[in-house]
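Enquirer: One structure, pasted below without further comment.
In UniProt numbering, the protein residues as written are 1 to 47.
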C-alpha cells in the first residue's frame, strides 16, 4: 500500500516538472502561476 502511494507521488512530481519545463519553454511569464499551482498542490497533499 505504501509503495503504491510512493509511486503515485513520484509520477505526480515528474508530471509537475514536465509541465513546468514546457511552461517555461513556451511562456516564461507563467512561472509565477506555476509556482502558485505547485504551492496549492503541496498544500492539498499535506492535508
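Even glycine gets a Cβ: it sits at the ideal position worked out from N, Cα and C.
Tell me which residues share the same chain as residue 2 and place their Cβ nearer than 6 Å to its Cβ, disregarding the 5 neighbours each side in the sequence.
Expert: none
Enquirer: Among 44, 43, 38, 45, which residue has its Cα nearest to the Cα of residue 56?
Expert: Since the first and last residues shown for the chain are 1 and 47, residue 56 lies out of range.
Enquirer: Starting from residue 34, trace the alpha helix (DSSP H) in both directions and tell me its first and last residue.
Expert: 31 to 46
Enquirer: What does the alpha-carbon distance come out to for the pair residue 31 and residue 22?
Expert: 11 Å
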